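A.B. asks:
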Amino acid sequence: MSATTIHPEETPTMRTNLRHRSLLSDALRRFSHNKLAMFGLTIVALLVFAAIFANLIAPFPYDEANVTEALQFPSGAHWMGTDEVGRDVYSRIIYGARISLLVGLSSQLIALMIGVPLGLAAGLMGGKVDWLVMRLVEVMTSLPALMIALLLIAIFGGGLVNVIVAIGLVAWLDACRLLRGQLLSLRERDFVLAARTIGVRNRRIAVRHLLPNAIAPLIVAITIGVPTAIFTEAGLSFLGLGVNDPVPSWGKMVGDALPYMRVYWYLGVFPTLAIALTMLGFTFMGDGLRDAFDTAGSK
Amino acid sequence: MIRYILGRLLGIALVLLVVSIVIFLLMHAIPGGPFDEAKMPLPAAAKANILRKYGLDKPLYEQYARYMWAALHGDFGTPFQSPTESVTGLIARTWPVSFKLGMVTLAFALPLGMFAGVLAATRQNTWIDYTATFLSSLGLTIPNFVIAVWLMLLFAVHWKILPTGGWGHWYNYIMPAISLGLAPMALTARYTRTSLLEVKRADYVRTARAKGLSSNQVLWRHSMKNALIPLITILGPQIPNLITGTIFVESIFRIPGLGKFFVTSIFRRDYPMIMGTLLLVALVWSIVYLITDLLYMVVDPRVRLDKKSS
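Those sequence lines, one after another, are chains A and B. If you read the first sequence in numbering that gives the first Met the number 0, its first letter stands for residue 0, the second for the next number, and so on. If you read the second sequence in numbering that gives the first Met the number 0, its first letter stands for residue 0, the second for the next number, and so on.
#1: Work out the CA separation of A/A148 and A/I92 for me, nearest whole Å.
#2: If you check the beta carbons only, do B/G256 and B/T187 fall under 8 Å apart?
#3: Beta-carbon of B/M272 versus every beta-carbon of chain A: anything under 8 Å?
#4: Sorted by chain position, which residues of the same chain lie with C-beta nearer than 8 Å to B/I286's C-beta, five sequence neighbours on each side aside?
#5: Using three-state DSSP, classify A/T81 as helix, strand or coil.
#6: Which residue's Cα is closest to the Cα of B/R189: B/L212, B/A207, B/Y170 and B/Y129?
#7: Less than 8 Å between the CB atoms is what I'm expecting for A/S90 and A/F52, so what's the real figure, rounded?
#8: Is B/P229 close to chain A? Criterion is C-beta to C-beta, closer than 8 Å.
#9: Please confirm whether B/G184 has its beta-carbon closer than 8 Å to some beta-carbon of chain A.
#10: Could you check if B/K259 is buried or exposed, using at least 16 other CB atoms within 10 Å of its CB as the buried criterion?
#11: If you reduce the DSSP assignment to three classes, tell me which class B/D128 lands in.
#12: To the nearest angstrom, how far is it from the Cα of A/Q107 to the Cα of A/L101?
#13: May I ask you to list, following chain order, the residues of the region 68 to 85 of chain A that have a beta carbon less than 9 Å from some beta carbon of chain B?
#14: Have a look at B/I246 and A/D255 and give me their C-alpha separation to the nearest angstrom.
#15: Apart from the five residues on each side of it in sequence, which residues of its chain come closer than 6 Å, Cβ to Cβ, to A/D62?
#16: Over what stretch of residues does the alpha helix (DSSP H) that includes B/Q62 continue unbroken?
#17: So, is B/R268 buried or exposed, given that buried needs 16 or more other C-beta atoms within 10 angstroms?
#18: Which whole-angstrom value describes the C-beta separation of B/V17 and A/V138, a residue pair presumed to lie in contact below a C-beta threshold of 8 Å?
#19: Give the secondary structure of A/D290 by DSSP, where H, G and I count as helix, E and B as strand, and everything else as coil.
#20: With a 10 Å radius around its C-beta and 16 neighbouring C-beta atoms as the bar for buried, classify A/T67 as buried or exposed.
#21: For A/D87, list the residues DSSP reports as bridge partners.
#22: Grab me the residues of A/I204's own chain with a C-beta within less than 8 Å of its C-beta, minus the 5 sequence neighbours each way, in chain order.
#23: Taking the C-alpha atoms as reference points, what is the distance between A/G122 and B/A69?
#24: Taking only runs that begin and end inside the region 188 to 214 of chain A, name each unbroken alpha helix (DSSP H) of 4 or more residues, in chain order.
#25: What is the C-beta distance between B/I49 and A/A153, in whole angstroms, given that I count them as a contact (C-beta under 8 Å)?
#26: Pick helix, strand or coil for B/E84, following the three-state DSSP scheme.
#27: In terms of residue numbering, what span does the alpha helix (DSSP H) encompassing B/K224 cover?
#28: With H, G and I counted as helix, E and B as strand and the rest as coil, what does DSSP make of B/W166?
#29: Indicate whether A/G170 and A/A110 have their beta-carbon atoms separated by less than 8 Å.
#30: For B/G73 and B/L89, I'd like the C-alpha separation in whole angstroms.
#31: A/L46 to B/M151, Cα distance in whole Å?
#32: I need the DSSP call for B/V287, collapsed to helix, strand or coil.
#33: Any C-beta of chain A sitting closer than 8 Å to the C-beta of B/T163?
#34: In the structure shown, what three-state DSSP assignment does B/V156 receive?
#35: Using the C-alpha atoms, what's the distance from A/M284 back to A/H275?
#36: Return no unless some Cβ of chain B is closer than 8 Å to the Cβ of A/L150.
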């Protein structure tokens, strides 16, 4: 593990290391040999592509309602049909990638902004700070994350921003716990002892030796956290407690389609497929990353 | 041992206290209560009357103290959405529905999951193993409301062999239980497979083989016993998980359970109902975790909880 400690002045050596067998190149090799992980990466890449170029790919604007063309089955003009107010489903699915990615990434960012400082404080300072942080974690874990998110929505109302904040506020636990655990176990490693023996100060040990080694698991945790966030947003919007109307959320599309699904089946099929594929893509990619970086668990 | 349990119970009580205070403060800090002027214009006197009736005119700490005192006596107040009932009564009416659904779900998901796990482990690295592993990834990843919609489209819309929703008949359980059960089933399969493969190389399994037992005897008499231990850890949390899991599924299939009422409470900002449900869930969840840990110790004597606890 100590090989990943990256010092700026060591960059040239790092490069040669990369060409030989550094942890990173090992991980990349393992990742690219993992078929499921590559499948996940492909889906995620497609998703990012759709999100960035939505306005070029989508044949119609996501909010263009045309009542005379409402509830049309899939056709050459509307590949995935039109919804109950005559909006093109295909276009809304494409734009929906933006919403899903936005929610997934920004809620993880919020989770990091809360979880990393708390995890750092708990893992580095220990003692009372650690006790306090862990009690906070305990209180949060005494309720299902979805219920806390629902409570926050009940109090502060729905809408895209509130949904992102609500998901971020319940998602920081993993990052915090993970970072704390990593720091606690790293503190006992020989290379930290060695650094301490030659007189390196605590702050420097934390920044130079502990943090770089804790980053890989943190990245993996975020990758696995993204689909959870996307799922939560879709679920909240599905219930009608998430984003508001013109915003093309896949979950909301499914929820709105429920009363029409008996006849207009396509309204249910395409958004659920989009959700399922996105979840699979991120999960397979995350699992692949975890396996790739998990040197202890490799065969 | 007793000290450990008492300590944990005290911890649970503290957590519940903090949870209740936080929820209480959150719910009261925000304008826009259930008697919102915009939605329900009322004469000032009538509004004051209603506020007095529900004790909403008192200072916050007094409201909280009153609430907790009553709650300790099993009275969680009156739900705004159904003023003729009590929160306790409403929960007592709706929870058994979710609970029954959860039990039916586990009753088919666990045995099937175990079976798939055994199948995959005994045929490691064959197509059966790969298929089972891949299917369990799908089951763990695809959200239950997506599965619910797909089941509905297939069974209710396309083949028309099941109604789209409702409650009260045995066939109303089929689609909800499958949508809820795939994830625990996949989890069980995965854990069973992993732990069976782990104990496969254990000394006592080799001894059992050496003394001439057949593979099947070793599997069911020796391997399975130990392989099932990790299942306890995943089983416990599945029970409260099913409560939240049912939120979506109950909404889709119009099942009058706790999950559906919780969503209604969120929509209507029904504070007493939200508070009562959350406290109940927090209590059940913490107790289940405690029982899981204790059970783990009973089943596996190597585990000592009281030493580990801080």
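Built from N, CA and C at the ideal position, the CB exists for glycine as well. Remember, it's a predicted structure, so these values are computed and weren't measured experimentally.
C.D. replies: By the coordinates alone:
#1: 25 Å
#2: no
#3: no
#4: I11
#5: strand
#6: B/Y129
#7: In fact, because the Cβ distance is near 13 Å, the residues do not count as touching under 8 Å.
#8: no
#9: In the sequence under discussion, the amino acid at residue 184 of chain B is Met, which differs from the Gly named in the question. No, B/M184 lies away from the interface with chain A (no Cβ there is under 8 Å from its Cβ).
#10: buried
#11: helix
#12: The C-alpha of A/Q107 lies about 10 Å from the C-alpha of A/L101.
#13: Within the region 68 to 85 of chain A, no residue has a Cβ that lies closer than 9 Å to any Cβ of chain B.
#14: 17 Å
#15: P245
#16: DSSP places B/Q62 inside the alpha helix (DSSP H), whose first and last residues are L59 to L71.
#17: buried
#18: 5 Å
#19: Here A/D290 sits in helix by DSSP.
#20: exposed
#21: A/T81.
#22: V191, A194 and R195
#23: 40 Å
#24: 189 to 196
#25: That belief does not hold up - the Cβ atoms of B/I49 and A/A153 are roughly 20 Å apart, past 8 Å.
#26: The three-state secondary structure of B/E84, taken from DSSP, is coil.
#27: M223 to A226
#28: coil
#29: In the sequence under discussion, the amino acid at residue 170 of chain A is Ala, which differs from the Gly named in the question. Taking 8 Å as the Cβ cut-off, A/A170 and A/A110 qualify as a contacting pair.
#30: 13 Å
#31: 27 Å
#32: helix
#33: yes
#34: helix
#35: The sequence given here has Ala at residue 275 of chain A, not His. About 14 Å.
#36: Yes - at least one Cβ of chain B is within 8 Å of the one on A/L150.
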